[in-house]
Structures are given as C-alpha cells and as structure tokens.
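Letter by letter, the sequence shown follows residues 1 to 334 of the UniProt record's numbering.
A quick write-up on the structure given underneath.
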Amino acid sequence: MTQPVPLAEIWRGPFLESLHLGHAVICDDTGQIVHAWGDPQALIYPRSSCKMVQALPLMTSGAADAFGLTDEQLALACASHNGAAIHTRRVQAWLDDLGLGDDDLRCGPQEPADIEERNRLIRAEQSPCQYHNNCSGKHSGFLTLAKHLGAGPDYIDIDHPVQKAVREAFEEVTAEDSPGYGIDGCSAPNFATTLHGLARAMAWFSSAHDRSDTASRVAARLVRAMMTHPELVAGKGRACTVLMRAAAGQAAVKTGAEAVFVGILPERRMGIALKIADGGTRGAECAIASLLVALGILDANDPAVRKWMNAPILNRRGIETGSIRPAGTLPRKL
1 MTQPVPLAEI WRGPFLESLH LGHAVICDDT GQIVHAWGDP QALIYPRSSC
51 KMVQALPLMT SGAADAFGLT DEQLALACAS HNGAAIHTRR VQAWLDDLGL
101 GDDDLRCGPQ EPADIEERNR LIRAEQSPCQ YHNNCSGKHS GFLTLAKHLG
151 AGPDYIDIDH PVQKAVREAF EEVTAEDSPG YGIDGCSAPN FATTLHGLAR
201 AMAWFSSAHD RSDTASRVAA RLVRAMMTHP ELVAGKGRAC TVLMRAAAGQ
251 AAVKTGAEAV FVGILPERRM GIALKIADGG TRGAECAIAS LLVALGILDA
301 NDPAVRKWMN APILNRRGIE TGSIRPAGTL PRKL
C-alpha cells in the first residue's frame, strides 16, 4: 500500500512546524486517474463530501419534481450548512410544505456554527433544534424521497428504501461495490469507497452536462444548484462557499468530516477527491485550494484563496507568526 504523502505544511518563522499527510486523486471524464498523490486505493468514508451523490435518488425518483423543489432546496440537500437563519428558515419552509416538522428529522439537534444564530438562541434561552443541524437539508431531501415512495419514517435505517436507493446510486457513480458503511454524525449510513472511486464519481458529475440520460441531467442540475447558491451549501466564511464564489461557476466543491474534500470541475470535466490522513480540516482546505489553483480554476493571489492557501497564521495580538502552505509534493501548475 502506498503511504500518504505531504499535502500541507505549517510554518512558524523559518521552520516547518507541522505537516499534514494525505492522499489525492484527479480523474477525467472516463474515470481514469490523470494525477494522484499517495494511495488512490485508500479506503475512506466520504462523509459529507458525497451529499450530491446521496441527493441523486431524490432527483432520479421524480420526487424533486413531484414536490416542486427549487434549486435553493437542492443546494441545501447537498449542504453542510452553518445553521444560520438563511438555512433554517428554508429547511422549516421545506418541511412545512411536506406537512412535516422538526420531530420528523433524524439528524439530531446541533448548536449552530453561525454566531448570530447561536447568540439569538442564547438570548432567547432556546435550545438548538434539528433544523440547526448542518445536515438538515440532506435529511429534508431524504424525507421528501420517503414521502414520495410511501415509505416509513425511519429513513436512516440501512434497510429503508431511501438508503437502499442511496447505496445503489453511490455504487453506480463510484463504479465500485462498497465494502460496507459506518454511521455518520447525522445518523445516516455513510458508504465506504476508495479515493479513486470518489474522484471517479466527481468526474461523472463534472461531465454530466454532456449526457442526456436522466441521472446525468439531474446530476448537472445539482451541480448548478451548488454553484448558484454557495451560501446555502456551507455559509459565511466557510471554504466551500468562499472558494465556489471565487471559482465563478467553474467548480463545485464540498467538504466532509475528517478532512475529506471533493471538487467537480464542469469545464475541465474532471473530478477531485482528497483525504488528509490525520483528519485535520485545515490541511484539506489548503490542499483543495492548491489543486484548484494548479488547474487554473482559482488565482493564487485572490484574497479569497489566500484564506486557505499560503494563508498567514496570526496570534492573539494579530501578529503574523507563520503560514499554512501547500507541500512541495503538490505542483504549482497541472
């Protein structure tokens, strides 16, 4: 097995202080590897990076059209959002339209990452609810599909029709039989795949607009929804949102827990998947920004990009003490 390689470096003054090792794969529209670092066959949980895959059955089943879902709702179905008002209000309205509510979700309550909403809850002496969960959009999509199928309420069960449909879609686009699953932070099954499989899936999404079959047409719509509404996919100050805005329609990117990151590049018809071995999100954010720069999608000098690539590290007095940089194993240009 190929070992993980350096992907991001932390410098303090003139010395290398820390190092994030990992794996990364870039696939073309045939699913073939065009660039790789580390082990393309590393087995991983995609975690939330594959939410666009988990949303496919919502689309291919006809449920999205039957319930008149908007592109904003589709972006939320692919989101790991901050729990800000722009997210929770839309989730509430979505479930209201289904005749459902917070108690029907199975993702669990979560303190919002959005500071304004967190402070509002504190002032009102209210507890976070399931609407605030970063996965509530994905779960609203699951509930929509369950209602469309006439299936039972426990849509996160591995033998539920929703999760059977998700697994089928996952194995189809990764072109691999998943060896198993784990339970994600939101209680839904998360199917394992290789890094190559995940990159292959992202390349499939990236070239979906070239094909006319149903799955490809709806996949292209999901990608457009993410790129059109990046603020719903993550939120203020988040890498997914900021980098998609900087890419200006050239890329959809999505993070996952434990330092997974994917990229969908429709104009280049390429897919990216990467995983930092130690689970350090800062390393994954630096690596995805660096690869997008190397591919010509982002400008290394864009202030938005500099938040994660060659980003200054400040101490509590605002003094620059170091930086986070792409490792020398990552090229400047691809």
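We put the beta carbon where it would ideally sit given N, CA and C, even for glycine.
Please report how far the alpha carbon of residue i lies from the alpha carbon of residue j, in whole angstroms.
{"i": "Pro57", "j": "Ile122", "result": "38 Å"}
{"i": "Ala246", "j": "Asp299", "result": "8 Å"}
{"i": "Gly296", "j": "Leu100", "result": "44 Å"}
{"i": "Asp104", "j": "Gly318", "result": "45 Å"}
{"i": "Thr30", "j": "Phe15", "result": "42 Å"}
{"i": "Asp213", "j": "Val253", "result": "24 Å"}
{"i": "Pro312", "j": "Trp11", "result": "9 Å"}
{"i": "Thr2", "j": "Ala215", "result": "34 Å"}
{"i": "Val262", "j": "Pro331", "result": "18 Å"}
{"i": "Gly322", "j": "Gly13", "result": "5 Å"}
{"i": "Ile288", "j": "Pro40", "result": "16 Å"}
{"i": "Arg269", "j": "Asp28", "result": "6 Å"}
{"i": "Ser127", "j": "Asp210", "result": "46 Å"}
{"i": "Asn190", "j": "Asp154", "result": "16 Å"}
{"i": "Ala248", "j": "Gly141", "result": "26 Å"}
{"i": "Leu95", "j": "Glu320", "result": "46 Å"}
{"i": "Lys236", "j": "Phe67", "result": "29 Å"}
{"i": "Arg316", "j": "Arg200", "result": "42 Å"}
{"i": "residue 371", "j": "Arg120", "result": "In the structure as shown, the chain starts at 1 and stops at 334, and residue 371 therefore has no counterpart that could be examined."}
{"i": "Lys164", "j": "Met52", "result": "16 Å"}
{"i": "Ile324", "j": "Gly38", "result": "20 Å"}
{"i": "Met309", "j": "Ile115", "result": "25 Å"}
Leaving out five residues on either side along the sequence, give the residues of the same chain with a beta carbon under 7 Å from the beta carbon of residue i.
{"i": "Lys275", "result": "Gly22, His23, Ala42, Ile44, Leu195, Ala259, Val260"}
{"i": "Arg118", "result": "Glu111, Pro112"}
{"i": "Glu267", "result": "Gln250"}
{"i": "Val305", "result": "Ala246, Ala289, Val293, Leu298, Asp299"}
{"i": "Ala220", "result": "Ala208, His209"}
{"i": "Gly279", "result": "Glu258, Ala259"}
Does the beta-carbon distance from residue i to residue j come in below 8 Å?
{"i": "Cys129", "j": "Cys186", "result": "no"}
{"i": "Asn135", "j": "Ser207", "result": "With the sequence shown as reference, residue 135 is identified as Cys, and Asn is not the correct amino acid for it. Contact: no."}
{"i": "Val166", "j": "Ala151", "result": "no"}
{"i": "Lys138", "j": "Gln73", "result": "no"}
{"i": "Thr228", "j": "Ala234", "result": "no"}
{"i": "Pro6", "j": "Leu19", "result": "yes"}
{"i": "Gly256", "j": "Ser48", "result": "yes"}
{"i": "Leu198", "j": "Cys50", "result": "yes"}
{"i": "Ile158", "j": "Tyr181", "result": "yes"}
{"i": "Leu145", "j": "Ser61", "result": "yes"}
{"i": "Leu69", "j": "Val91", "result": "no"}
{"i": "Tyr131", "j": "Asp102", "result": "yes"}
{"i": "Val171", "j": "Ser178", "result": "The residue asked about is misnamed: residue 171 is Glu in this sequence, not Val. Yes. Within cutoff."}
{"i": "Ala277", "j": "Leu334", "result": "no"}
Assuming residue i and residue j are in contact, meaning their beta carbons sit under 8 Å apart, how far apart are those beta carbons, in whole angstroms?
{"i": "Val25", "j": "Ala273", "result": "5 Å"}
{"i": "Arg224", "j": "Asp71", "result": "7 Å"}
{"i": "Gly83", "j": "Ala113", "result": "6 Å"}
{"i": "Gly271", "j": "Met202", "result": "3 Å"}
{"i": "Ala63", "j": "His160", "result": "At roughly 14 Å, the Cβ-Cβ gap does not stay under 8 Å, so Ala63 and His160 are not in contact."}
{"i": "Leu291", "j": "Leu243", "result": "11 Å between Cβ atoms; not a contact."}
{"i": "Ala8", "j": "Pro326", "result": "6 Å"}
{"i": "Thr193", "j": "Pro46", "result": "7 Å"}
Tell me whether residue i is buried or exposed, calling it buried when 16 or more other Cβ atoms sit within 10 Å of its Cβ.
{"i": "Gln250", "result": "buried"}
{"i": "Ile264", "result": "buried"}
{"i": "residue 341", "result": "Since the first and last residues shown for the chain are 1 and 334, residue 341 lies out of range."}
{"i": "Glu231", "result": "buried"}
{"i": "Asn301", "result": "exposed"}
{"i": "Glu285", "result": "buried"}
{"i": "Ala239", "result": "buried"}
{"i": "Gly283", "result": "buried"}
{"i": "Glu176", "result": "buried"}
{"i": "Lys307", "result": "buried"}
{"i": "Arg89", "result": "exposed"}
{"i": "residue 353", "result": "What is shown of the chain runs 1 to 334, which leaves residue 353 out entirely."}
{"i": "Ile183", "result": "exposed"}
Can you list, in chain order, the residues of its chain whose CB lies under 6 Å from that of residue i, leaving out five sequence neighbours each side?
{"i": "Trp204", "result": "Val173"}
{"i": "Met59", "result": "Val218"}
{"i": "Ala36", "result": "Val25"}
{"i": "Thr281", "result": "Ala259"}
{"i": "Ala188", "result": "Ile156"}
{"i": "His87", "result": "His81"}
{"i": "Gln32", "result": "none"}
To which residues of the same chain is residue i closer than 8 Å at the C-beta, ignoring the five residues directly before and after it?
{"i": "Pro109", "result": "Ser127, Pro128, Cys129, Gln130, His132, Asn133"}
{"i": "Glu17", "result": "Ile10, Trp11, Gly322"}
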